[in-house]
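K.L.:
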Amino acid sequence: MAKVCITGGAGFIGSHLGKKILELGHELVVIDNFHPYYSTCRKQSQLQQIKNVGFFHFYHVDILQSDAMKQIFLHHRPNVVFHLAALPGVQPSLAAPLTYIDYDVKGTVNVLQAAGEAEVEHVLFASSSSVYGDRAFQPLKEEMANGQVVSPYAAAKYSAESFCHAYAHMYGYTMTIFRYFTVYGPWGRPDMAISKFIRQLLRDEPITVYGEHTARDYTFIDDIVDGMIRALERKGTSDVFNLGAGQPVTMKQLLAELRIHFPHMRIHYEPSRLGDVVATWADITKAKEQLGYKPHVSLREGLAKTIEWAKQYEK
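Throughout, the working numbering is defined as the position within the sequence shown, counted from one, plus 1232.
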C-alpha cells in the first residue's frame, strides 16, 4: 500500500485518479484550491465522487503557498505525488500569461521542493501535448519537444517539465512526466470542445467550430488513468511518456460521430484561433513498451459514455 498525494485532486483527471487510487487500497491525500477557472460547485461534485469510494485527507490549499505545501508533505510523508494542479487552457493564457507562470511554473516548483524535503520517492507530473508546438499530422515522439511552442500555456508546461528534471536531479526522486492528449469523458473539463459541444447540443443550441481542418488525438479518461496507474510503481531514472489514443480524429470525423446522437446538429464555423495547434497525434510506442499502456476505449464508445453522463448532469 502506497501513501499517495494528488495535487489538483478535485479536477477532472485528478478526481478520476483519486477514485482509482482508493479502489486499489492506497492511502490518499488530496490538495486543491478550488480555483474558479471553472465552477467550484462542479469541483465540489468531483471531489464527492472520490468521497463516494472511501476516506481520504483533504486540504483546501493553493500550491503557491509554499509553507503550507511543505507542512502537508512533511506531516503525511507520501511515497508518491501526482502533481496535477495547474491552470489549464490555451486561450486564457494569451490574455493572462503571468498567471500561468505563477500556477504552472512557480506552483510546480513549490510542489517539487516540498516533495524533495519530505523525501518523496516518486513524483509524477501532468504535462501536455501542447509542448510539441504546431506540428500537424505526424506522430509526436517524446524526444520531439524542443521548446518551440505557440501559446503561453504551452510555454509554462514546457518550463515546468525542465524544473521537474532539475529537482529530480537535486533530490534523487524518480520523476515521471505525462503528456496528455486531449482528455475527455464524464466530468470532462467544461471548457473543452467535446464537453462544450455535448452541453450545447443537449440544449439544442448551435455549436461553434474554430478551424475546419483540425484534428485531435482524443483520449478517454479511463485510458489516461490506466496509464498513470501503470507508472505508479515505475523505478529508476526520470522519463517522459505520451498518454494518448495514438490516433488523430479530424473535426469532420468528430462531428460525424456527434451527429449519430444529435441528427439535427447545427454548426457555426469560425476561423482558427491564435495559440491553437492544427493537429495532435501521440506516438504511444514508449508508453506501450515501458508501461504496458494500451488505450481500450474507441471514440464512438467514449462519446456514448460521455453523452449518457451529460444527460444526467449537464442539462
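Just so you know, even glycine gets a beta-carbon here, dropped at the ideal spot from N, CA and C.
Tell me which residues share the same chain as Val1481 and place their Cβ nearer than 7 angstroms to its Cβ, disregarding the 5 neighbours each side in the sequence.
P.N.:
Same-chain partners within the cutoff: Ala1447, Arg1448, Tyr1450 and Leu1531.
K.L.:
If you reduce the DSSP assignment to three classes, tell me which class Asp1336 lands in.
P.N.:
Of the three classes helix, strand and coil, the one that applies to Asp1336 here is helix, per DSSP.
K.L.:
Check for me: the alpha helix (DSSP H) holding Ser1247 runs from which residue to which?
P.N.:
Here the alpha helix (DSSP H) through Ser1247 covers Phe1244 to Glu1255.
K.L.:
Between Thr1440 and the rest of its own chain, which residues show a CB-CB distance below 7 angstroms, the 5 nearest in sequence each way excluded?
P.N.:
Correct list, in chain order: His1500 and Glu1502.
K.L.:
Only counting runs of 4 or more residues, tell me where the alpha helix (DSSP H) segments fall wholly within the segment 1478-1545, in order along the chain.
P.N.:
Whole alpha helix (DSSP H) segments, 4+ residues: 1483-1493, 1517-1523 and 1531-1545.
K.L.:
Please check the pair Leu1372 and Tyr1364, which I expect to be a contact at CB under 8 angstroms, by giving their CB distance rounded to whole angstroms.
P.N.:
Going by Cβ atoms, the distance from Leu1372 to Tyr1364 rounds to 5 angstroms, so yes, they are a contact pair.
K.L.:
Lys1251: buried (16+ other C-beta within 10 angstroms of its C-beta) or exposed?
P.N.:
With 16 or more other Cβ atoms within 10 Å, it is buried.
K.L.:
Can you give the beta carbon distance from Glu1259 to Lys1235, rounded, assuming they're within the 8 angstroms contact cut?
P.N.:
Correct: roughly 5 angstroms between the Cβ atoms.
K.L.:
Distance check for Thr1272 and Gly1534, CA to CA, integer angstroms please.
P.N.:
C-alpha separation (whole angstroms): 25 angstroms.
K.L.:
Just mark Ile1238 as buried or exposed, buried being the case when its beta carbon has 16 or more other beta carbons within 10 Å.
P.N.:
That one is buried.
K.L.:
Mapping the DSSP letters down to three states, classify Arg1462 as helix, strand or coil.
P.N.:
Correct three-state label for Arg1462: helix.
K.L.:
I need the straight-line Cα distance from Phe1395 to Met1233, nearest angstrom please.
P.N.:
When rounded, the distance between both Cα atoms is 29 angstroms.
K.L.:
Please name the residue or residues paired with Arg1448 in a DSSP beta bridge.
P.N.:
Arg1448 is bridged to Val1481.
K.L.:
Would the beta-carbon of Met1497 fall within 8 angstroms of that of Leu1434?
P.N.:
Contact: no.
K.L.:
Residues in its own chain within less than 6 angstroms of Val1337 by CB, not counting five upstream and five downstream?
P.N.:
Excluding positions up to five away in sequence, the list reads Ala1388, Ser1391 and Ala1392.
K.L.:
Just to confirm, is the Cβ distance from Gly1286 to Leu1254 under 8 angstroms?
P.N.:
Yes, they are a contact pair.
K.L.:
State the beta-bridge partners of Ile1439 as determined by DSSP.
P.N.:
In the DSSP output, where bridge partners are listed per residue, Ile1439 has Ile1499.
K.L.:
State the Cα-Cα distance for the pair His1528 and Asp1455, rounded to the nearest angstrom.
P.N.:
Cα to Cα, the separation comes out at about 7 angstroms.
K.L.:
Taking Cβ to Cβ, would you say Phe1473 is nearer than 8 angstroms to Ala1519?
P.N.:
For Phe1473 and Ala1519, yes; Cβs fall inside 8 angstroms.
K.L.:
Can you say whether Thr1469 is buried or exposed, counting buried as having 16 or more other CB atoms within 10 angstroms of its CB?
P.N.:
Exposed, because fewer than 16 other Cβ atoms sit within 10 Å of the Cβ of Thr1469.
K.L.:
Please tell me whether Leu1326 and Ser1383 are closer than 8 angstroms, where the distance is taken between their beta carbons.
P.N.:
Result yes, Cβ atoms of Leu1326 and Ser1383 sit closer than 8 angstroms.
K.L.:
Could you tell me which of Ala1542, Ala1242 and Val1293 sits nearest to Ser1427, measuring between CA atoms?
P.N.:
Of the listed residues, the one whose Cα sits closest to Ser1427 is Ala1542.
K.L.:
Tell me where the beta strand (DSSP E) around Glu1259 begins and ends.
P.N.:
Looking at the DSSP string, the run of the beta strand (DSSP E) that includes Glu1259 is Glu1259 to Asp1264.
K.L.:
Could you give the C-beta distance for Val1352 and Val1313, rounded to a whole number, given that I count them as a contact under 8 angstroms?
P.N.:
Going by Cβ atoms, the distance from Val1352 to Val1313 rounds to 5 angstroms, so yes, they are a contact pair.
K.L.:
Could you pull out every unbroken alpha helix (DSSP H) segment of at least 4 residues lying fully inside the segment 1388-1436, listed in chain order?
P.N.:
Segments of the alpha helix (DSSP H) lying fully in the segment 1388-1436: 1425-1434.
K.L.:
Is there contact between the segment 1404-1417 and the segment 1302-1310, where contact requires at least three CB pairs shorter than 8 angstroms?
P.N.:
With the cut-off at 8 angstroms, the segment 1404-1417 and the segment 1302-1310 do not touch.
K.L.:
Give the list of continuous beta strand (DSSP E) stretches no shorter than 3 residues that lie fully inside the segment 1292-1366.
P.N.:
Those beta strand (DSSP E) runs which fall completely within the segment 1292-1366 and span 3+ residues are 1312-1315 and 1354-1360.
K.L.:
Can you tell me which of the three DSSP states Thr1239 falls into?
P.N.:
Looking at Thr1239 - three-state DSSP - the assignment turns out to be strand.
K.L.:
Counting C-beta neighbours from all protein chains within 10 Å, is the total for Ile1245 16 or more, i.e. buried, or is it exposed?
P.N.:
By the neighbour-count rule (16 or more Cβ atoms within 10 Å), Ile1245 is buried.
K.L.:
Can you give me the Cβ contacts of Ser1298 inside the same chain, cut-off strictly under 8 angstroms, excluding the 5 residues immediately before and after it?
P.N.:
Cβ within range, chain order: Asn1342, Gln1345 and Ala1346.
K.L.:
DSSP three-state call for Val1472: helix, strand or coil?
P.N.:
Residue state, collapsed to three classes: strand.
K.L.:
Taking the alpha carbon of Val1322 as the reference point, which residue from Ala1425, Pro1418, Glu1521 and His1397 has its own alpha carbon closest?
P.N.:
The option with the nearest alpha carbon to Val1322 is Ala1425.
K.L.:
Within its chain, find whatever has a CB closer than 6 angstroms to the CB of Ile1263; leave out the 5 residues flanking it on each side and keep chain order.
P.N.:
Thr1239, Tyr1291 and Val1293.
K.L.:
Take Glu1521 as the anchor and find which of Leu1256, Glu1444, Ala1463 and His1445 has the nearest alpha-carbon.
P.N.:
Comparing Cα positions, the closest option is Ala1463.
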